[in-house]
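Residue numbering for the sequence shown follows full-length UniProt numbering, beginning at 1 and increasing consecutively.
For glycine and all other residues, C-beta sits at the position ideal for the given N, C-alpha and C.
Just so it is clear, the structure is predicted and the values come from calculations on it, not from any experiment.
This report concerns only the one structure given below.
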Amino acid sequence: RSPLSAPGEIDFVVVREGTEGLYTGNGGAIRVGTPHEVATETSMNTRFGVERVVRDAFERATARRNKLTLVHKTNVLVNGGGLWQRTVTEVSREYPGVEVDYCHIDAAMIYLVDDPSRFDVIVTDNLFGDIITDLAGAVTGGIGTAASGNIDASGTNPSMFEPVHGSAPDIAGQQVADPTAAILSAVLLLRHLGHENEAARVENAVESFLSNRGEGEMSTSEIGDAIVGAL
Numbered sequence: 001r002s003p004l005s006a007p008g009e010i011d012f013v014v015v016r017e018g019t020e021g022l023y024t025g026n027g028g029a030i031r032v033g034t035p036h037e038v039a040t041e042t043s044m045n046t047r048f049g050v051e052r053v054v055r056d057a058f059e060r061a062t063a064r065r066n067k068l069t070l071v072h073k074t075n076v077l078v079n080g081g082g083l084w085q086r087t088v089t090e091v092s093r094e095y096p097g098v099e100v101d102y103c104h105i106d107a108a109m110i111y112l113v114d115d116p117s118r119f120d121v122i123v124t125d126n127l128f129g130d131i132i133t134d135l136a137g138a139v140t141g142g143i144g145t146a147a148s149g150n151i152d153a154s155g156t157n158p159s160m161f162e163p164v165h166g167s168a169p170d171i172a173g174q175q176v177a178d179p180t181a182a183i184l185s186a187v188l189l190l191r192h193l194g195h196e197n198e199a200a201r202v203e204n205a206v207e208s209f210l211s212n213r214g215e216g217e218m219s220t221s222e223i224g225d226a227i228v229g230a231l
C-alpha cells in the first residue's frame with residue numbers, strides 16, 4: 001500500500017543502464033591517510049551502452065503509453081549528461097509517436113512523491129537508476145513488492161530477474177519476508193520469455209491479493225498461500 005495520501009494511478013517502468021556509469025570501479029585514491037588525500041570516481045558512459053538502453057526504453061514506451069522521460073543532471077554532468085541527452089534526441093526521431101520529456105534527478109524525486117502518475121517509462125544511468133528504483137518501490141507500497149530484471153536486450157545472453165530488495169539473510173527462515181516482489185519478478189521473467197497469458201494470470205492474482213489484503217501482519221507462507229489461492 002502506497003504511503004502517499006493520494007497516490008492516484010501509479011504505473012511506470014524504470015529502465016536503468018546497469019553496466020556503466022559510476023559503478024564500474026573506475027577511480028582511485030592518492031595520499032591515503034594524509035590530510036591531502038584525494039579520492040576519485042570516474043563515471044564511464046559509452047555511446048553503445050547508452051544507445052542500447054535508450055532504444056530498449058523507447059520500445060517499452062511504444063508498448064505502453066508512449067511517453068519517455070530521461071532523468072539525469074545535464075546542467076552539472078555536462079559530458080555524460082550531454083551524451084545521454086543527444087542520444088535520446090537522436091533516437092527519438094525514429095519514434096515520432098513517443099512523447100519525450102526530461103527531468104533533473106532532483107526534480108524527478110519530487111515528482112515521484114508529488115505526481116508519480118506523470119511517468120510512463122523512465123530511462124536513466126546506473127547511479128540515478130539505483131536511487132530512483134528504491135524510491136519508486138517505496139511509493140508503490142514498499143520494496144517488498146518491487147520487482148526488477150537485469151535484461152540483455154539483444155536476447156543473446158541470459159537475463160536475470162530479482163526483487164529490488166536484497167536477499168536479507170539475517171531474516172532467513174523467520175517467516176517475516178514478503179515474497180510478493182519475488183513473485184512479481186517471476187512475472188517479469190514470464191513476460192520476457194513471451195508467456196504473456198501466464199504472466200498476466202500471476203500478476204492478476206497478486207493484484208487481487210494486494211487489493212483485499214487487510215492491515216494485519218502476515219507471514220511469508222500466508223502471503224504465498226493467499227496468492228496461490230487467488231491464482
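Only buried fits E20, as 16 or more other CB atoms lie within 10 angstroms of its CB.
Inter-residue distance for Q174 and V98 is about 46 Å (C-alpha atoms, whole angstroms). In the three-state DSSP reduction, R31 falls in the coil class, being neither helix nor strand. Separation of H195 and T40 (C-alpha to C-alpha, rounded to the nearest whole angstrom) is 45 Å. Leaving aside the five residues that flank A186 on each side, none in its chain has a CB nearer than 6 Å to its CB.
Contact annotation: the region 11 to 25 touches the region 126 to 135, with at least three C-beta pairs closer than 8 Å.
In the pairwise beta carbon analysis, the region 70 to 84 is classified as touching the region 102 to 112: at least three pairs are separated by under 8 Å.
Each residue's CA atom was taken as its position, placing D178 and V54 some 32 Å apart. Rounded to whole angstroms, the Cβ separation of G144 and A199 is 20 Å, and the two are not in contact under 8 Å. Burial is judged here by how many other beta carbons sit within 10 angstroms of a residue's own beta carbon; T69 has at least 16 and is buried. Less than 7 Å divides the Cβ of P116 from the Cβ of V139. Beta-carbon to beta-carbon, E51 and T87 are separated by about 5 Å, close enough to satisfy the 8 Å threshold. Taken in chain order, the complete alpha helix (DSSP H) segments of 4 or more residues contained in the region 194 to 225 are 196 to 212.
In the DSSP assignment, K67 is bridged to E99.
By the criterion of a C-beta distance shorter than 8 Å, E90 is surrounded by no residue of its chain, once the five residues flanking it on both sides are discounted.
Linking F58 to L184 through their CA atoms gives a straight-line distance of about 23 Å. DSSP places V38 inside the beta strand (DSSP E), whose first and last residues are 38 to 41.
Taken in chain order, the complete beta strand (DSSP E) segments of 3 or more residues contained in the region 121 to 193 are 121 to 124, 147 to 150, 160 to 163.
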